[in-house]
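Enquirer:
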Amino acid sequence: MTLSLRHFLLVGLGNPGQEYEHTRHNVGFLALDQLQKDWQTDEFKENKKLNAFVSNYQLSTVNCKLCKPITFMNLSGKAVRKTLTYYKINPDSLIVLHDDIDLPLGQIRIVQNSSDGGHNGVQNIIDKLGTQNFIRVKIGIGPKPHPEMDAADFVLGKFTKEEQKKLQPILSQMPDIIKGIITEGVEKAQNKYN
Numbered sequence: 001m002t003l004s005l006r007h008f009l010l011v012g013l014g015n016p017g018q019e020y021e022h023t024r025h026n027v028g029f030l031a032l033d034q035l036q037k038d039w040q041t042d043e044f045k046e047n048k049k050l051n052a053f054v055s056n057y058q059l060s061t062v063n064c065k066l067c068k069p070i071t072f073m074n075l076s077g078k079a080v081r082k083t084l085t086y087y088k089i090n091p092d093s094l095i096v097l098h099d100d101i102d103l104p105l106g107q108i109r110i111v112q113n114s115s116d117g118g119h120n121g122v123q124n125i126i127d128k129l130g131t132q133n134f135i136r137v138k139i140g141i142g143p144k145p146h147p148e149m150d151a152a153d154f155v156l157g158k159f160t161k162e163e164q165k166k167l168q169p170i171l172s173q174m175p176d177i178i179k180g181i182i183t184e185g186v187e188k189a190q191n192k193y194n
């Protein structure tokens, strides 16, 4: 009996460029970097046709494409749609990892078929795909230190050393979280990690 190969697209949201490295908004990129490091995947290679850096990982009978859009956060949907089409992956096999200002720093929430929650990058993906039926791993970066602080200034700010210490445990768990979603399903992963 031959097992058919399944495909997943793992997308980390962030902004390209050195000036955005290690900013709160780029925690999706940091999560993919952790997956790449722990899974020892191929190096990320730029694919200009897809507007993304892409890597590959084989998890048993599941082929995982790791994708970092280089279209800037609010235009992520263009790269996601192109990458799904190119690799013939259905949106229900899409996992998007992104920041969430409403979640406390270092917490995660796994959701599926959910609204954008005020995240412009996620909204653009929903708009470009014409569906919100995909999996998301929201990574908490909140709260803002002062309620009156501009949200854009906060998310585009770099993590402090103290914040990095609080964030690292959840980033270190990311390979197990993603494997759980893929191998055991969203509901079991939600029960375990939410």
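The sequence shown stops at residue 194 when you use our numbering, and every number in between is there.
Cβ coordinates follow ideal geometry from the N, Cα and C atoms, glycine included.
For P169, report the span of its alpha helix (DSSP H) as first-last.
Expert: Residues K161 to E184.
Enquirer: Decide yes or no for the touch test of the region 45 to 65 against the region 7 to 14: beta carbon pairs closer than 8 Å, at least 3 of them.
Expert: Because the criterion of three Cβ pairs below 8 Å is met, the region 45 to 65 and the region 7 to 14 touch.
Enquirer: Since N124 is in the alpha helix (DSSP H), which residue starts that stretch and which ends it?
Expert: Looking at the DSSP string, the run of the alpha helix (DSSP H) that includes N124 is N120 to L129.
Enquirer: Could you check the C-alpha separation between M149 and K78 for me, to the nearest Å?
Expert: Those two C-alpha atoms are separated by around 30 Å.
Enquirer: Quick one: Cα of L13 to Cα of Q123, how far?
Expert: So the two alpha carbons sit approximately 12 Å from each other.
Enquirer: With C-beta atoms as the reference, is K128 less than 9 Å away from V80?
Expert: Going by C-beta atoms, K128 is nearer than 9 Å to V80.
Enquirer: I'd like to check one pair, H98 with V27: are the Cβ atoms closer than 9 Å?
Expert: The answer is yes: Cβ separation under 9 Å.
Enquirer: Output the distance between the C-alpha atoms of K166 and I139, rounded to the nearest integer angstrom.
Expert: For K166 and I139, the distance between alpha carbons rounds to 12 Å.
Enquirer: Residues in its own chain within less than 7 Å of N113 by CB, not counting five upstream and five downstream?
Expert: Excluding sequence neighbours, N113 sits near Q132 and N133.
Enquirer: If you count every other CB in all the chains shown that lies within 10 Å of the CB of P69, and 16 or more means buried, which is it?
Expert: Classification for P69: buried.
Enquirer: Going by the beta-carbon positions, is the gap between I101 and V137 smaller than 9 Å?
Expert: Against a cut-off of 9 Å, the Cβ pair of V137 and I101 comes out as no contact.
Enquirer: Name the DSSP bridge partner or partners of G12?
Expert: In DSSP, G12 forms a bridge with L97.
Enquirer: For N191, which residues from the same chain have a beta carbon less than 6 Å from its beta carbon, with the 5 sequence-adjacent residues on both sides left out?
Expert: Answer for N191: no residue qualifies.
Enquirer: Restricting to runs no shorter than 3 residues, where is the beta strand (DSSP E) found entirely within the region 29 to 115?
Expert: Runs of the beta strand (DSSP E) inside the region 29 to 115: 45 to 47, 52 to 59, 62 to 69, 94 to 104 and 108 to 112.
Enquirer: In three-state terms, what does DSSP make of H25?
Expert: Helix at H25.
Enquirer: Do D116 and I126 count as a contact pair if the criterion is CB distance below 9 Å?
Expert: Closer than 9 Å, so yes.
Enquirer: For H25, count the other beta carbons within 10 Å of its own beta carbon; 16 or more makes it buried, fewer makes it exposed. Which is it?
Expert: Buried, by the Cβ-count rule.
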